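Everything on this sheet refers to the single structure shown next.
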Amino acid sequence: MNVVYQDFSKAFVKVPHGLLARKLVQCGLCKTMVRWICNWLSERTQRVLTNASFSSWKEVTSGVPQGFILGLVLFNIFINDLDGGLEGTIIKFADDTKLGGIANTPEERSRIQNNLDRLERWAETNKMKFNRDKCKILHLGRKNEMQRYRMGDAWHNSSTCEKDLGVLMDNKLNMSLQCDAAAKKANGILACINRSIVSRSREVMLPFCSALVRPHLEYCVQFWAPQLKGDVDKLGSIQWRATKMIKGLENKPYGELGMFSLQKRRLRGDRIAMYKYVRGSHREEGTSLFSAALQTRMRNNGFKLQERRFHLNIRKNFLTVRAVQQWNSLPQSVVEAPSSEAFKQRLDGHLSGVL
1 MNVVYQDFSK AFVKVPHGLL ARKLVQCGLC KTMVRWICNW LSERTQRVLT
51 NASFSSWKEV TSGVPQGFIL GLVLFNIFIN DLDGGLEGTI IKFADDTKLG
101 GIANTPEERS RIQNNLDRLE RWAETNKMKF NRDKCKILHL GRKNEMQRYR
151 MGDAWHNSST CEKDLGVLMD NKLNMSLQCD AAAKKANGIL ACINRSIVSR
201 SREVMLPFCS ALVRPHLEYC VQFWAPQLKG DVDKLGSIQW RATKMIKGLE
251 NKPYGELGMF SLQKRRLRGD RIAMYKYVRG SHREEGTSLF SAALQTRMRN
301 NGFKLQERRF HLNIRKNFLT VRAVQQWNSL PQSVVEAPSS EAFKQRLDGH
351 LSGVL
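If you read the sequence shown in full-length UniProt numbering, its first letter stands for residue 1, the second for the next number, and so on.
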């Protein structure tokens, strides 16, 4: 498997207003709305301030404003046809583009190169440019032949680790680097709290740690959940250190603090994600990820899923594999919750007596 990470150069600055207007019309927007947007984008000026000195004003002839919801929406509309004619998998998120596919045969490797050629032609047609230095290839698999790819005359460099929407991915799908990065950020914030906050009361410290420290340890954690004991302990020790900072509660267990351990929170998050895929808002995606189990006996819940077997530990650690057994073991009263909020409440009651 080869994954190519593409990065636009000054993406939001280079969007041509004329091309954007035509694409807005093609999307079905009325002429009045298109004129309003064009008026909003046109006749803007900017200047630079350096050492209390201003440059002269200069008209802005391209680009969409950053920091505005409308600016991001307009950019997404502009690149909406980026994947036209491409074969295989392509994923877009704002100015980040990722494409790839299986690359075991010459035909499959050629298909990826053809997709890159199409992206290059799209960029030329739409007056955009890819940042060649930031375009990287991640080669996955032990028998990967490390095929090189190019855009125009420039060859993409191979990488052993790339940041994918804030999550560090290495070419072995080992999440230890991501665990290290998350722990480093969380430790830095915790140290800042320790230096800056005088009060050590529970009412002050718990909200600070929950709002500022824990998010770094749980961002997309269902995807990169640690599996090695060293990584699990590394993340868990940060929350343990945070609770030790609370005056009078230094040696209290998580239960008395009204908290779950990080490992327990990850298990809880796995089950909540499964509920969304099986019964909640992501049912449509869930049908392609899971298969219902054949019910031979009326036991546990009525929404049991088929448990698949894999040899590779990496594959076993995927959410779609590791969480199935957890889901199947939930009692029917929890699984049949009518809403996501009701499911969380029933799940918390169930977990408090199990873990």
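By construction, the Cβ of each residue, glycine as well, lies at the ideal position given by its N, Cα and C atoms.
Predicted model, so just to flag it, every value in this text is computed and none were measured.
About 14 Å separates the beta carbon of Q46 from that of V64, a gap too long to meet the 8 Å contact definition. According to the DSSP assignment, R44 belongs to the beta strand (DSSP E) that extends over 44-46. N80 has its alpha-carbon roughly 21 Å from the corresponding atom of W36. For Q6, the secondary structure class from DSSP, reduced to helix, strand or coil, is strand. If you draw a straight line from the Cα of W327 to the Cα of L305, it comes to about 8 Å.
Contact annotation, K129 with K14: C-beta distance approximately 7 Å; criterion of less than 8 Å satisfied. Under the three-state reduction of DSSP, C192 is assigned to helix. One Cα belongs to K247, the other to L82, and the distance between them is close to 56 Å.
Cβ-Cβ distances below 6 Å link K134 to D7 in the same chain, with the five nearest sequence neighbours on each side left out; the list follows chain order. Runs of the beta strand (DSSP E) lying entirely within the UniProt domain "Reverse transcriptase" (1-160), each at least 3 residues long, are 2-7, 44-46, 58-60, 89-93, 96-101, 136-139, 157-159 in chain order. Taking a contact as a CB-CB distance under 8 Å, the pair L138 and A182 does not count as one, their CB atoms being some 20 Å apart.
Beyond the five residues adjoining it in sequence on each side, Q113 comes within less than 6 Å, by CB distance, of Y149 in the same chain, given in chain order.
At least 7 Å separates the beta-carbon of E120 from that of Y5. Relative to P226, the option among G85, L168, P207 whose CA is nearest is L168.
Contact annotation: the region 258-275 touches the region 321-337, with at least three C-beta pairs closer than 8 Å. Less than 7 Å separates the beta-carbon of L140 from that of N171.
Distances from the alpha-carbon of V204 to those of K229, V221, A242 put A242 closest. Per DSSP, the unbroken beta strand (DSSP E) holding V167 starts and ends at 167-170.
The alpha-carbon separation between K58 and P106 amounts to approximately 50 Å. The shortest CA-to-CA distance from N104 to any of I69, V3, N115, N144 is the one to N144. Distance from the CA of Q222 to the CA of L319, rounded to the nearest whole angstrom, comes to 7 Å. Under DSSP, the beta-bridge partners assigned to K163 are L168.
For the region 282-349, the continuous alpha helix (DSSP H) assignments of 4+ residues that do not extend past its boundaries occur at 283-289, 313-316, 319-328, 332-335, in sequence order. Buried is the label assigned to G100, since at least 16 other Cβ atoms lie within 10 Å of its Cβ.
When rounded, the separation of the alpha-carbon atoms in C27 and S281 is 27 Å. Apart from the 5 residues on each side of it in sequence, L173 sits with its Cβ closer than 8 Å to the Cβ of L140, I314 in its chain, given in chain order. Counting along the chain, the unbroken alpha helix (DSSP H) around E203 starts and ends at 202-208. With contacts defined as CB atoms closer than 7 Å, M175 and W224 qualify as a contacting pair.
Taking a contact as a CB-CB distance under 8 Å, the pair Y275 and F343 counts as one, their CB atoms being some 5 Å apart. The Cβ atoms of K23 and F75 lie no closer than 7 Å to each other. Taking C-beta atoms as the reference points, G85 and R118 count as a pair closer than 7 Å. Annotated as distal: V335 and H350, with beta-carbon spacing of 7 Å or more.
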